[in-house]
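I have placed the structure first, in the form of structure tokens, so that the comments after it can refer back to it.
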Amino acid sequence: MRFEQTELEGQIARLEVLRNGSDSTADGRILLLTSGLGLGHVRAAQAIERALEGAATVETVDFWSLINPGVAKAIHETYLSLVQNYPDLHERLYQLDEDTWRLILESESGPPRAVLEVLELISKIAAEKGETAARGGKYASDRMLLSLLCAALPYDGDSLAGNGVRARLALLKWTWLRLIRRLEPAIKRFAPDVIVSTQMIPAAMVSYLKQRDKIRVPLVGVMTDFGVHDFWKQSGIDRYCVAHESIVSREAGDLTDPIIATGVPLMPAFAAPLSQEEARFELHVPQKVPIVLVLGGGLGLSVDSAARELLQHPGESCIIAMPGKNTAAREALERLALRHPKRLRVCQWTERMDLFLRAADVVVGKPGGISVAEALACGRPLLATRSLGGQEGFNVNFLERNEVGGLVSEHELVARVDSLLANREQLQKIQNRAWALGRRDGAAQVAHIALELAAARPSVALGTL
259 MRFEQTELEG QIARLEVLRN GSDSTADGRI LLLTSGLGLG HVRAAQAIER
309 ALEGAATVET VDFWSLINPG VAKAIHETYL SLVQNYPDLH ERLYQLDEDT
359 WRLILESESG PPRAVLEVLE LISKIAAEKG ETAARGGKYA SDRMLLSLLC
409 AALPYDGDSL AGNGVRARLA LLKWTWLRLI RRLEPAIKRF APDVIVSTQM
459 IPAAMVSYLK QRDKIRVPLV GVMTDFGVHD FWKQSGIDRY CVAHESIVSR
509 EAGDLTDPII ATGVPLMPAF AAPLSQEEAR FELHVPQKVP IVLVLGGGLG
559 LSVDSAAREL LQHPGESCII AMPGKNTAAR EALERLALRH PKRLRVCQWT
609 ERMDLFLRAA DVVVGKPGGI SVAEALACGR PLLATRSLGG QEGFNVNFLE
659 RNEVGGLVSE HELVARVDSL LANREQLQKI QNRAWALGRR DGAAQVAHIA
709 LELAAARPSV ALGTL
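Here's what the structure looks like:
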């Protein structure tokens, strides 16, 4: 199945309009804000930047660049420990709504009991990780702040008074404002016509500045998952770009500004994916053998165990596994490949993920927003053996609701994959549904929205950004 020619021609025409438009559009300055905590947010920002090439001056700021590198690494490791070892706790934190987070960060009131219960555990995890945080570097005082946050101030379960929770909350609020103050000059130095954020935290920071008249720049929020977290609902966001039309109708009453179903921004190769035959030729894999692509996302979670389950079942299917940056998973897979040289191929992460997705019949992987969007753009169902909850819960629900994949336990994985591969006619129908759900022009759509806002914005002095 090739990309529909009319759709491709339409996208090319839109990009040509962007690149050859008026002088005000060509001279537009677009600031992209993202977060390296999730690779998907960064990939979305990179895709938007590629779509803007030749049409605007673009700068990207990663939220984590506002924090000391050693402290950022410790927080990152804390987050990974949280989602892997305390999934229920992670889910509770994620489900806190916008008003609760605003209460925590911006008001003098005490937070709900759920926040108090989890704060101590998070502090203990961060204390362990913080011991290894590199000293020195930019924003060196952040290490002291991390130490204060993780100080031994036990929560007694009864009240805010005398248990250290109030001190930690005050420190969190102060740190939040400190990060906003670091972002503000970065925005003013670049003097953007439009700000585009692919993650909700920097979007909330910009919204905070806009509400206080510190900057006056249109803000576009780009959501990379198939659902909307409440913290995205910020009064300073002028356009919301969401993954699918169903989100528009579901969120229309809660989001006051225009919501546009652009699709998740993907890299240019997804605009016109090759046929399965062409992709397999490029990758030098057999044309007639069923192929299962096993992805672990950037963290490589569960990829080795999923591959092991599939290999325990005799068959002719070939498994291509990508463990991301997970060294332990890669080593385990390479040992497996020695025992199954004809059935298992271990590959590095690649810019040409479109080739692997198109070559495959079925995808097994982590249900991150970008992974789901890429699989659908290539017309492939995605089975997830693990969901970290939170935003991944949105994505799993979307797959299951549209019958193009979903959550499958590891012991059910082989039967589910075999069922799909055994009925080629049914598999083709599922692939067709996935293709119809996929959006291949998301980056171009977001770029178009940003450039329209930039062209419509009157020139302003730096001090009134």
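Numbering-wise (our numbering), the sequence shown opens with residue 259 and increments by one.
Virtual Cβ for every residue (Gly too), placed ideally from N, Cα, C.
Could you tell me the distance, in whole angstroms, from the CA atom of residue i to the CA atom of residue j?
i	j	result
A673	P572	12 Å
S560	R691	26 Å
D562	L646	17 Å
P548	L679	7 Å
E574	L568	11 Å
M463	D676	47 Å
I333	A428	18 Å
R287	V666	45 Å
K757	L596	With the chain covering 259 to 723 only, the question about residue 757 has no answer from this structure.
L435	Q492	16 Å
P516	G298	24 Å
R697	C408	44 Å
A635	A564	23 Å
A398	L406	14 Å
A713	I495	18 Å
A527	Q457	23 Å
L594	E670	20 Å
L657	R301	21 Å
Give the DSSP bridge partners of residue i, in chain order.
i	result
A519	V500
G485	G485 pairs with nothing; no bridge assigned.
T292	D320
V550	I577, V620
R236	With the chain covering only 259 through 723, there is no way to say anything about residue 236.
L695	In the DSSP output, where bridge partners are listed per residue, L695 has none listed.
V478	V454, R497
T315	R287
G663	L640
Identify the continuous beta strand (DSSP E) that holds residue i and give its terminal residues.
i	result
M580	576 to 580
R453	According to the sequence provided, residue 453 is Ile. The question's Arg does not apply to it. Note, I453: beta strand (DSSP E), 452 to 455.
N646	Checking the displayed sequence, the identity of residue 646 turns out to be Leu instead of Asn. Here L646 belongs to no beta strand (DSSP E), and DSSP marks it neither H nor E.
L338	L338 -> not in any beta strand (DSSP E); alpha helix (DSSP H) instead, spanning 327 to 343.
G700	Where G700 is concerned, there is no enclosing beta strand (DSSP E), although the alpha helix (DSSP H) it sits in stretches over 700 to 714.
Given a threshold of 16 other Cβ atoms within 10 Å of its Cβ, counted over all protein chains shown, does residue i qualify as buried or as exposed?
i	result
K451	Per the sequence shown, the amino acid found at residue 451 is Asp instead of Lys. Buried: at least 16 other Cβ atoms inside 10 Å.
N681	exposed
L640	buried
M611	buried
D400	buried
K600	exposed
W223	It is not possible to answer for residue 223, since the shown part of the chain is limited to 259 through 723.
S465	buried
H706	buried
K468	buried
A303	buried
V704	buried
K382	exposed
K624	buried
Can you check whether the CB of residue j is closer than 8 Å to the CB of residue i?
i	j	result
I518	R497	yes
I505	G485	yes
A708	V478	yes
E317	F448	yes
V725	D619	In this structure the chain extends from 259 to 723, so residue 725 is not present and cannot be described.
R616	Q684	no
M580	G554	yes
H338	H348	Inspection of the sequence shows that residue 338 is occupied by Leu rather than by His. No.
A309	A701	yes
G627	T482	yes
Y344	G648	no
I453	L295	no
V621	A631	no
L437	L324	yes
With residue i as the anchor, note down where its alpha helix (DSSP H) starts and where it stops.
i	result
I306	297 to 309
R674	668 to 680
I628	627 to 635
V561	561 to 569
Q534	534 to 541
A212	The requested residue 212 is not part of the displayed model; the chain covers only 259 to 723.
R401	400 to 407
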